[in-house]
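Here's the structure, in C-alpha cells; my notes come after.
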Amino acid sequence: RRCSVNIIQLLGCGFLTLVVYLVLQEYKSNTAIFVVTAFGILVLVQSTEYLQQIIDTLLAICVQAGVRIAYFTVILKMIGIAWLAEFLCQICRDAGSGALAVKLEFAAKISILMMFFPILTELLHSIIAIL
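Quick note on this note's numbering: the sequence shown kicks off at 2 and runs consecutively.
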C-alpha cells in the first residue's frame, strides 16, 4: 500500500513539475530544464528503496538456484547503465542537444557490451565443451 501512495505522490509532483516547466519555459527556458532534472533525481531517489527490495529478492533466488552472484551483479550493472543512460539522454534531448544524447547512448551500449563480453565468452566456451 505504501508503494501506491508514493506513486500517487510522485505523479502529483510530476504534474506540478510539468506546470512549472511550461511556465518557466516561456520566461526562463534555461531554468526550466533544471526543474525537470531535479524531478528526475527525486524519482531516482524515491525508487531506490523499491529497487533494493527487488534486488534482494532476486539475489535470494539466485543463491537458491545456484546461479553465480557475479553474473547477477553484472546484469544489474548493465541494467543500471541502461537506465541512467536513458535518463541522461532524455535530459540532453530536453535541453536541445540530441547530438550529445546519441553519443551518450553509444557510449552506454559499448559499456554494456564490454560488461557482457566475459559472460558471452564463458558461455561460448561451455557450449564448445559440450559439443
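Beta carbons: idealized from backbone N, C-alpha and C, even for Gly.
### Task
Round the Cβ separation of residue 82 and residue 113 to the nearest angstrom and send it over; I've been treating them as touching at under 8 Å.
6 Å
### Query
Assuming residue 75 and residue 115 make a contact with CB atoms under 8 Å, what is their CB distance in whole Å?
Residue 75 to residue 115, Cβ: 11 Å. No contact.
#### Entry: At least 3 beta-carbon pairs within less than 8 Å: the region 80 to 96 vs the region 23 to 43
yes
### Query
So, are the CB atoms of residue 25 and residue 32 less than 8 Å apart?
yes
### Message
In whole angstroms, give me the CA-to-CA distance for residue 11 and residue 121.
### Response
39 Å
### Query
How is residue 96 classed by DSSP in three states: helix, strand or coil?
coil
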